[in-house]
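Taken in order, the sequence shown gives residues -17 to -1, 1 to 286; the numbers are from mature numbering (1 follows the signal peptide of the UniProt record, and there is no 0).
From the three backbone atoms N, C-alpha and C, an ideal C-beta is built for every residue, glycine too.
Contents: one structure, followed by commentary.
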Amino acid sequence: MSTRVFLLLCLFRQILAQEYPDVTCLVINLESIRCMWNLQGTPQVNYTFYSRSRLQGETICAEYLSENGRNIGCTLPYIRLQRFESFYTELRGGNKTYKKEHDLKTKVKLNPPTNLTVKNGSDLNLWFYWNHTVNPSCVESQVRIRKNDNNWETLKVSRGGKHYCHSLPSSTARYELQVKSRVDNYCGESEFWSDWSEPVVWGFNNTTVSNAKNEAMPVWTALLYVVSAITLLLLVVILLHNERIKIILIPPLPKPALNSPDVEVSSIWSLISAILLFSIFLCLNHVLHWSKPEGKMHFCNIT
């Protein structure tokens, strides 16, 4: 008995879904309104769509969206501020009419931000820029960024913002960023975010001249450092094999005569040791100088 009741309920629900198509409408980028009535599946009837609002009288759909030869939606032009007024739709077909009232204020979906670019700034930070597809003063944005293939980190951008700063990026990592946006609460907050934008990438796969210049020192410079290091290493080995190394590391306690040859040898080797250490210091200082990027270092301002 219970099985029969369950089957009857399922059949009744399916009949209702077919007889009462639910119309949903969405404002696309404040440019058009898209209404759909195929959420329960392709309708069995080829409906005719009508709409009206206080700003516009009743109009019949001029641009249908179709599936398998059936009308499943309609795209119509958007009139400025129309989403703040009640919007009425009507489906006619099969000797039946289905009416519905819509509140479009929160039903806005923007197009993804465009023209994403990235710049390695003089402050040693990464600066990402993009453009909005509507008035920026009514838009809030979120960015998601990841380093190499790590998990995405999602961050909020200040209202109307069209840039994001990432502090002191690693010169050996790859950074990828995407942006999405929606109408904010100052202009009637929408429930819908745009899709994520196309990604913009900066890092070891970036082949721009400016990036290559900032990322690595010239090849001949690196080769010079290697040769210098090997030469210094050989000098150290020679010193370590000299029997008078004890004089340098552990000088004798008794005071030798002023004219002693050992004093002269010790002084010579002490001088050589000092010169060697000074050369190592200069080499390291030169390496650090080349590895330090040009420009003044600043952290990104958090706004």
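Using CA atoms only, rank isn't needed, just tell me which of the options is closest to residue i.
i	options	result
aspartate 178	His115, Gly144, Tyr158	His115
leucine 160	Tyr33, Asn133, Ser141, Thr42	Asn133
glutamate 68	Gln125, Glu84, Asn21	Glu84
lysine 90	Phe175, Gln23, Asn21, Cys57	Phe175
threonine 137	Lys145, Ile128, Gly143, Gly144	Ile128
alanine 156	Gly104, Val6, Asp86, Val184	Val184
histidine 146	Trp135, Arg165, Leu99	Leu99
glycine 52	Thr25, Asn12, Val209	Thr25
cysteine 170	Asn131, Lys88, Pro96	Lys88
cysteine 148	Ser49, Glu181, Ser105, Asp86	Ser105
proline 152	Phe187, Asn118, Val162, Asn168	Phe187
Do residue j and residue i come within 8 Å of each other at the CB atom, strictly closer than that value?
i	j	result
isoleucine 62	glutamine 27	no
threonine 72	cysteine 18	yes
leucine 64	serine 15	no
glycine 76	tyrosine 30	yes
leucine 93	valine 140	no
cysteine 8	phenylalanine 70	yes
proline 119	serine 180	no
According to the neighbour-count rule (16 or more other Cβ atoms, all chains shown, within 10 Å of its Cβ), is residue i buried or exposed?
i	result
tryptophan 113	buried
glutamate 123	buried
arginine 37	exposed
isoleucine 43	exposed
serine 164	buried
leucine 216	exposed
valine -13	With a pLDDT of only 48 at valine -13, under 50, the local geometry of the prediction cannot be trusted, and the value read off the model is given with reservation. Answer is exposed; the Cβ neighbour count stays below 16.
When DSSP builds the beta bridges, which residues end up paired with residue i?
i	result
proline 182	BP columns for proline 182 are empty, so no partner.
cysteine 8	Cys18
phenylalanine 111	Val101, Tyr147
threonine 80	Arg75
phenylalanine 32	Leu74
tyrosine 3	Answer is none; tyrosine 3 lacks a bridge partner.
valine 166	Val122
Any heavy atom of the ligand COA within a distance shorter than 7 Å of the CB on residue i?
i	result
leucine 93	As presented, the structure is devoid of all ligands, the ligand COA included, so that no description of it is given.
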